[in-house]
Ligand SMILES: [Ca+2]
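Residue numbers (this note's numbering): 5 to 201.
Structure representation (C-alpha cells):
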C-alpha cells in the first residue's frame, strides 16, 4: 500500500510537473514562420519587408514549410519583424531560434523591455544552407518585452539571412528541484516496500 505521505508527494509532484509542462509552451505566436498566417503574428517594418520563403537561395526551412527571409537591398535596408510578449517581472526566460545563410548578410536580434535593451546580438549568415541555433537567456524587468529581428546588411539583394523556429519560454523555477526530490522520496518508499515483500 502507498502511504498517505507517498500519495501526497506524488500528487504534488504530478501537479507541479503539469505546471512545468505548461510553462514550456512558447509564449510567442507565429514562431514556426511557415506561412503568412505565422507572419501575421508579427509586426513587419522597414522599407524592405522580410517575407516567408520556402527554400530560396539554397536555404531549405530549418523546420516545417518555410522560414523568414530578409530581403534588403541598398535602397531599402533595415527590414524587421517584432512582437511584444507579456512577461512577468523577475521571471527568467529563454529565447531560442535558428538563423541560416543564403549567401549575404547579417541581422541582429534585440529583446527590450521598459525602453532598455536586455539583449542585443548580431549574427552573420554567409554560409549558404547552414542553420545555427541561438539560445539567449534574460530576466524580465517589465511586464512585457519587445522581441525584434532586423537585417543589418545594407545590400543583401534578397539573399539576407533566414530565421526559423523562434520560441520564448519561461525558464523552469526552483520548484522543479522540489519535484525531483518528492519523486525521489516516493520512489524510495515504493522500492523499500517491494524489497520487503
Ligand atoms: Ca519553419
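For glycine and all other residues, C-beta sits at the position ideal for the given N, C-alpha and C.
Taking a C-beta distance under 8 Å as the contact criterion, residue 104 and residue 134 qualify as a contact pair.
With contacts defined by Cβ atoms closer than 8 Å, residue 112 and residue 126 form a contacting pair. About 26 Å separates the beta carbon of residue 88 from that of residue 160, a gap too long to meet the 8 Å contact definition.
For residue 109 against residue 163, the beta-carbon gap comes to about 7 Å, under 8 Å, which counts as contact.
Sequence-distant partners of residue 146 (beyond 5 residues in either direction) whose C-beta falls short of 6 Å from its own C-beta, in its chain, are 117, 118.
Boundaries of the beta strand (DSSP E) around residue 171: 166-174. With a cut-off of 7 Å, the C-beta of residue 168 is classified as near ligand 1, since at least one heavy atom of the ligand falls inside that distance.
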